[in-house]
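Enquirer: Position 133 of the sequence shown, counted from 1, bears residue number 137 in our numbering, the numbering being contiguous throughout.
Backbone N, C-alpha and C fix where the C-beta goes; we use that ideal spot for every residue, glycine too.
Keep in mind it's a predicted model, so treat the numbers as computed, not measured.
Before I ask anything, let me first share the structure, which is written out below as structure tokens.
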Amino acid sequence: MATTIPLTKRGAEKLKEELHRLKTVERHAVINAIAEARAQGDLSENAEYEAAKDKQGFIEGRILEIEGKLSSAQVIDPASVDAGGKVVFGTTVDLEEEESGNEVTYQIVGDDEADLKQGLISISSPIARALIGKEAGDVAEVVAPGGIKRYEIVEVRYI
């Protein structure tokens with residue numbers, strides 16, 4: 005049975021854009037680079053040829069990877085989720101760390117979309133796992149390298 009990969013609507017669009025760019029721009033550029041390197045003659049000692057072939061391998065591998073992810077993706081629009089106030093995939097959560105009082109906002113997204121600097125945390129991260137199923141007012145305990153951190157859920161939003 006194939007596993008589905010959860011993606012937000014925004015994450016799926018970003019992957020589609022990357023796939024389009026790889027197929028229409030990057031692939032053609034590397035083909036041209038290979039052709040130019042071949043025109044230089046002896047391929048056995050041609051660093052440009054080797055570099056272009058390596059890049060071609062990377063691009064083709066990434067294209068296959070993205071196509072695979074998109075084919076098994078379960079695209080979720082967080083705005084259409086109604087989980088009765090519970091934290092689920094796609095939810096935006098406002099948290100307050102109990103010890104420091106610092107407030108943070110995270111959106112729970114797919115592994116490929118995660119970017120902590122933008123407040124996007126992976127569904128498989130320890131903090132997301134601790135938050136899933138909880139609601140505003142609940143406290144989530146997260147095992148962190150520095151010890152256990154406790155976060156109070158201030159607000160749960162589906163945006």
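Apart from the five residues just before and just after V79, which ones in its own chain have a Cβ nearer than 7 Å to its Cβ?
Expert: Walking along the sequence shown from the start, residue 79 turns up at place 75. Answer for V79: L11, K13 and A16, listed in chain order.
Enquirer: Across which residues does DSSP place V146 in a beta bridge pair?
Expert: The residue labelled residue 146 in the question sits at position 142 within the sequence shown. V146 is bridged to K153.
Enquirer: Roughly how far, in whole angstroms, is the beta-carbon of A41 from the beta-carbon of N50, given that I think they are within contact range, below 8 Å?
Expert: Start at 1 with the first residue of the sequence shown, and residue 41 comes out as number 37. Start at 1 with the first residue of the sequence shown, and residue 50 comes out as number 46. Yes, A41 and N50 are in contact; Cβ-Cβ is about 6 Å, under 8 Å.
Enquirer: Under the three-state reduction of DSSP, which class applies to V160: helix, strand or coil?
Expert: Here residue 160 corresponds to residue number 156 of the sequence shown, with the count starting at 1. Looking at V160 - three-state DSSP - the assignment turns out to be strand.
Enquirer: Verify whether the separation of the beta carbon atoms of A77 and I9 is less than 8 Å.
Expert: Stepping through the sequence shown from its first residue, residue 77 is reached at position 73. Stepping through the sequence shown from its first residue, residue 9 is reached at position 5. Closer than 8 Å, so yes.
Enquirer: Tell me the start and end of each unbroken beta strand (DSSP E) in the stretch 23-104 that is at least 3 residues and wholly inside, in chain order.
Expert: Those beta strand (DSSP E) runs which fall completely within the stretch 23-104 and span 3+ residues are 77-80 and 96-101.
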